[in-house]
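Have a look at the structure below before the remarks.
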Amino acid sequence: MGQLQELEETFLEEYEAACILQKHQKTKSVTILLSKALFALVDYLIFAKYQKLPKNHSERFRILEIKEPLLYTALDDVWGLYRDSYSKPALEETVTTFMDTIHRIIQENEHFSQKITEISTR
Numbered sequence: 004m005g006q007l008q009e010l011e012e013t014f015l016e017e018y019e020a021a022c023i024l025q026k027h028q029k030t031k032s033v034t035i036l037l038s039k040a041l042f043a044l045v046d047y048l049i050f051a052k053y054q055k056l057p058k059n060h061s062e063r064f065r066i067l068e069i070k071e072p073l074l075y076t077a078l079d080d081v082w083g084l085y086r087d088s089y090s091k092p093a094l095e096e097t098v099t100t101f102m103d104t105i106h107r108i109i110q111e112n113e114h115f116s117q118k119i120t121e122i123s124t125r
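Just so you know, we're using the numbering used here here: the sequence shown kicks off at 4 and counts up by one.
Listed below in C-alpha cells is the structure:
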C-alpha cells in the first residue's frame, strides 16, 4: 500500500468512526477522532502536493505556514480545540467546527481522492 493510500485509509477510518460515535453522543471521542482525521487529511494534501510527510505537529505547521498559508490558518484556528479536547469536556460546537473545517478543506482542494471528496457531499 502506498503512502497516499495509507493516509486516505487513516482519514476515512477516523472520520467514519467519529460519525458512528456522534450518533451515540460521545462528543469527546468524536472530537478526538475528528482532530486525528483532520491531521491525516492535511498530511494527505501535503504528501500529494509536496511528497513530504510531516513527522509531528510542529513540522506540519511549518510546512503549511510556508507553502499553504490558508490551510495553516484553518488548522491553527482549531488547534486550541484539539488541545482542549484532552483535558476539558467536549462541546457539540467543537464537533461542528471540526466537521466544517474538514469539509471546507476538501471542497477547496483538488488533490484529494474520489473517496475523500465524496465525504464533503454527504
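For each residue, glycine too, the CB sits at the ideal point set by N, CA and C.
Selected residue, minimal CA-CA separation from residue i, among the options
| i | options | result |
| --- | --- | --- |
| Ile-35 | Ile-109, Met-102, Gln-110 | Met-102 |
| Tyr-53 | His-114, Ile-122, Glu-95 | His-114 |
| Arg-65 | Gly-83, Ala-51, Leu-84, Val-45 | Val-45 |
| Thr-100 | Tyr-47, Tyr-85, Gly-5 | Tyr-85 |
| Val-150 | Ile-108, Ile-122, Glu-95 | There is simply no residue 150 to check, as the chain begins at 4 and stops at 125 in what is shown. |
| Ala-93 | Phe-50, Tyr-18, Gln-25 | Gln-25 |
| Phe-50 | Gln-6, Asp-87, Tyr-18 | Gln-6 |
| Ala-40 | Glu-19, Glu-71, Asn-59 | Glu-19 |
Environment of residue i [buried if 16+ CB atoms lie within 10 Å]
| i | result |
| --- | --- |
| Ile-69 | exposed |
| Thr-76 | exposed |
| Glu-11 | buried |
| Ser-90 | exposed |
| Leu-73 | exposed |
| Glu-3 | This structure leaves residue 3 out entirely; the chain is present only between 4 and 125. |
| Glu-62 | exposed |
Spatial distance of residue i from residue j (CA atoms)
| i | j | result |
| --- | --- | --- |
| Thr-124 | Ile-105 | 12 angstroms |
| Asn-112 | Leu-37 | 19 angstroms |
| Ile-23 | Val-81 | 22 angstroms |
| Ser-116 | Phe-14 | 11 angstroms |
| Lys-55 | Ala-43 | 13 angstroms |
| Met-4 | Thr-120 | 20 angstroms |
| Tyr-47 | Gly-83 | 22 angstroms |
Nearest-angstrom beta carbon gap, residue j and residue i [assumed within contact, 8 angstroms]
| i | j | result |
| --- | --- | --- |
| Ser-88 | Lys-31 | 6 angstroms |
ask   = Going along the chain, which unbroken runs of the alpha helix (DSSP H) with 4 or more residues stay wholly within the region 18-71?
value = 30-53, 60-70
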